[in-house]
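**Student:**
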Amino acid sequence: MMRPFFSTITCLMLGLYSLPVLALDGEVGLDFGTAGNSRAHADSLASIRTMSAVTSLLPRYQLAGSAYVYPNLDYGITGAALDSANGAISLGVLYHRESIQSVDTDLLPGWKLPDDEIEQLSLHSLTGASLAVSFLNRSLSLGASGFYIGTSNDLDVLTHAFELNLSMGAKFSDQVIFGLAANDILGQSNGSTLESAIRWGVLDVSGPLWKRCMTPTDIYYSSGGVEFDAGYSLRNESMDFMGVGFDIPLACSFSIHGGVQKRFVLDEMRYGTGFLIENVSNAVGYDVQLREQGGVWEHIHLLSIQFRLGNAPFAPRAHL
Numbered sequence: 072m073m074r075p076f077f078s079t080i081t082c083l084m085l086g087l088y089s090l091p092v093l094a095l096d097g098e099v100g101l102d103f104g105t106a107g108n109s110r111a112h113a114d115s116l117a118s119i120r121t122m123s124a125v126t127s128l129l130p131r132y133q134l135a136g137s138a139y140v141y142p143n144l145d146y147g148i149t150g151a152a153l154d155s156a157n158g159a160i161s162l163g164v165l166y167h168r169e170s171i172q173s174v175d176t177d178l179l180p181g182w183k184l185p186d187d188e189i190e191q192l193s194l195h196s197l198t199g200a201s202l203a204v205s206f207l208n209r210s211l212s213l214g215a216s217g218f219y220i221g222t223s224n225d226l227d228v229l230t231h232a233f234e235l236n237l238s239m240g241a242k243f244s245d246q247v248i249f250g251l252a253a254n255d256i257l258g259q260s261n262g263s264t265l266e267s268a269i270r271w272g273v274l275d276v277s278g279p280l281w282k283r284c285m286t287p288t289d290i291y292y293s294s295g296g297v298e299f300d301a302g303y304s305l306r307n308e309s310m311d312f313m314g315v316g317f318d319i320p321l322a323c324s325f326s327i328h329g330g331v332q333k334r335f336v337l338d339e340m341r342y343g344t345g346f347l348i349e350n351v352s353n354a355v356g357y358d359v360q361l362r363e364q365g366g367v368w369e370h371i372h373l374l375s376i377q378f379r380l381g382n383a384p385f386a387p388r389a390h391l
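Just so we're aligned, residue 72 is where the sequence shown starts under our numbering, counting upward by one.
1) Per DSSP, V331 forms a beta bridge with which residues?
2) Where do the N-terminal and C-terminal ends of the beta strand (DSSP E) with S170 fall, by residue?
3) Tell me which residue opens and which closes the alpha helix (DSSP H) that T121 is part of.
4) Skipping 5 residues on each side, what residues in its chain have a beta carbon closer than 6 Å to that of T121?
5) Rounded to whole angstroms, what's the CA-CA distance from L93 to S137? Just pull it up for me.
6) Since I220 sits in a beta bridge, which residues does DSSP pair it with?
7) Of all the options V247, S267, S196 and S212, which has the alpha carbon lying nearest to the alpha carbon of N224?
8) Using 8 Å as the threshold, is the segment 357-375 in touch with the segment 334-341, meaning 3 or more CB pairs across them?
9) From this set, G163, A322 and K333, which residue's C-alpha is nearest D311's C-alpha?
10) Taking all protein chains shown into account, do 16 or more other C-beta atoms lie within 10 angstroms of the C-beta of F243, making it buried, or fewer, making it exposed?
11) Going by DSSP, what residue range makes up the beta strand (DSSP E) through L101?
12) For L128 versus G296, is the C-beta distance shorter than 8 Å?
13) Just tell me which of A253, Q172, F317 and L165 has its CA closest to the CA of H218.
14) To the nearest angstrom, how far is it from the Cα of T264 to the Cα of S201?
15) Starting from E298, trace the beta strand (DSSP E) both ways and give me its first and last residue.
16) Taking a contact to mean a Cβ-Cβ separation below 8 Å, would you say L373 touches Y146 in this structure?
17) Under a Cβ-count criterion, where at least 16 other Cβ atoms within 10 Å of its own Cβ denotes burial, should N108 be classed as buried or exposed?
18) Go to N353, then tell me how far its beta strand (DSSP E) extends in each direction, as first and last residue.
19) Report, in whole angstroms, the separation of the C-beta atoms of G262 and S293, which I expect to be a contact under 8 Å.
20) Quick one: residues in its chain with C-beta nearer than 6 Å to the C-beta of C284, no 5 flanking neighbours on either side, listed in chain order?
21) Going by C-alpha distance, which of D102, L237, D318 and G316 is nearest I256?
22) Cβ atoms of A124 and G316: under 8 Å apart, would you say?
23) Express the C-alpha separation of F299 and A151 in angstroms, rounding to a whole number.
24) By the three-class DSSP mapping on this structure, what secondary structure does V125 have?
25) Check the DSSP bridge columns for A308 and list the partner residues they point to.
26) In the DSSP assignment, the beta strand (DSSP E) including D154 goes from what residue to what residue?
27) Since N254 is in the beta strand (DSSP E), which residue starts that stretch and which ends it?
28) Can you tell me whether T79 is helix, strand or coil according to DSSP?
29) Given this structure, state the Cα-to-Cα distance separating S118 from Y132, to the nearest angstrom.
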């Protein structure tokens with residue numbers, strides 16, 4: 072029987088948005104601070120959806136939750152869980168729900184009395200799970216994820232979509248992770264895309280860079296690296312996005328990360344950065360992302376507290 076999901080609990084995240092948008096797409100903490108360039112990152116939880124194959128290349132045992140609000144009190148919640156600590160199989164689940172005030176009611180068709188107040192709330196939800204299997208001592212992997220995406224509002228307008236994603240991953244010399252994904256192959260959510268990611272960073276927990284911070288039995292967490300992500304939209308027959316992200320440990324207890332990404336279909340630029348104050352079992356972090364579209368800027372701020380219970384003294388040890 073598989074033990075319960077534990078390791079990283081992100082207890083609190085607070086987001087402040089200048090404009091209401093469908094927000095994080097399952098991005099949590101590090102995923103957000105690297106501007107979404109974390110598909111091949113071995114600490115990523117957004118990869119449960121976007122590139123699930125890479126989740127089985129290293130032992131991980133994580134649970135995360137987030138909550139954020141807009142200045143107008145719109146809010147969202149996100150939760151994710153991942154277990155790849157034992158054996159070749161990785162299982163992950165991801166849930167996101169957001170309640171936002173819709174567009175200005177003055178732009179809606181029809182008419183209303185001058186003193187009437189119309190409140191139109193929209194609920195957006197993203198729910199799904201992933202399964203990945205690794206081969207050859209976690210050197211190669213295959214993964215699949217399925218997600219339900221629903222939107223509803225108090226005018227009884229409902230939309231539904233199912234998203235199926237397939238991916239493959241590879242790990243080379245305990246330094247390089249490479250992933251390929253065919254996402255939304257049914258073309259029901261954001262449109263079918265082909266995505267790739269390659270990341271360089273030391274992965275061997277027994278290596279010299281880690282000996283002063285960890286023991287060989289500790290479950291993996293990042294010791295730094297750089298990643299390049301890109302995607303091609305089959306629906307638009309053009310590049311969808313391209314970006315680069317990084318994280319750098321300045322000490323055993325402090326690391327910084329950041330990234331920049333160009334969203335070609337949306338004609339949007341995203342810039343992210345953040346930091347973690349951490350040890351093998353706990354972390355406190357801050358992330359901020361700036362977005363520019365058509366000369367209009369918006370900003371999102373995130374605070375996070377993490378507990379890596381899989382690295383606690385009482386936790387069972389994973390097998391590499």
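Where is the CB? At the ideal position from N, CA and C, for every residue including glycine.
**Tutor:** According to the structure data:
1) V315 and Y342
2) I160 to Q172
3) S118 to T121
4) R110
5) Residue placement at L93 cannot be trusted, given a pLDDT of 45 that sits under 50; the coordinates are not used to answer.
6) L197 and A232
7) S196
8) yes
9) K333
10) exposed
11) Run containing L101: none in the beta strand (DSSP E); it sits in the alpha helix (DSSP H), L101 to G104.
12) no
13) Per the sequence presented here, residue 218 reads as Phe, with His not at that position. The residue with the shortest Cα to Cα distance from F218 is L165.
14) 18 Å
15) G296 to S304
16) no
17) buried
18) N353 to Q364
19) G262 to S293, Cβ: 31 Å. No contact.
20) C323
21) L237
22) no
23) 24 Å
24) helix
25) Rather than Ala, the amino acid found at residue 308 in this sequence is Glu. Partner(s): none; E308 has no beta bridge.
26) Y146 to D154
27) V247 to N254
28) Note that T79 scores a pLDDT of 42, beneath 50, so its modelled location is shaky and nothing firm can be said.
29) 14 Å
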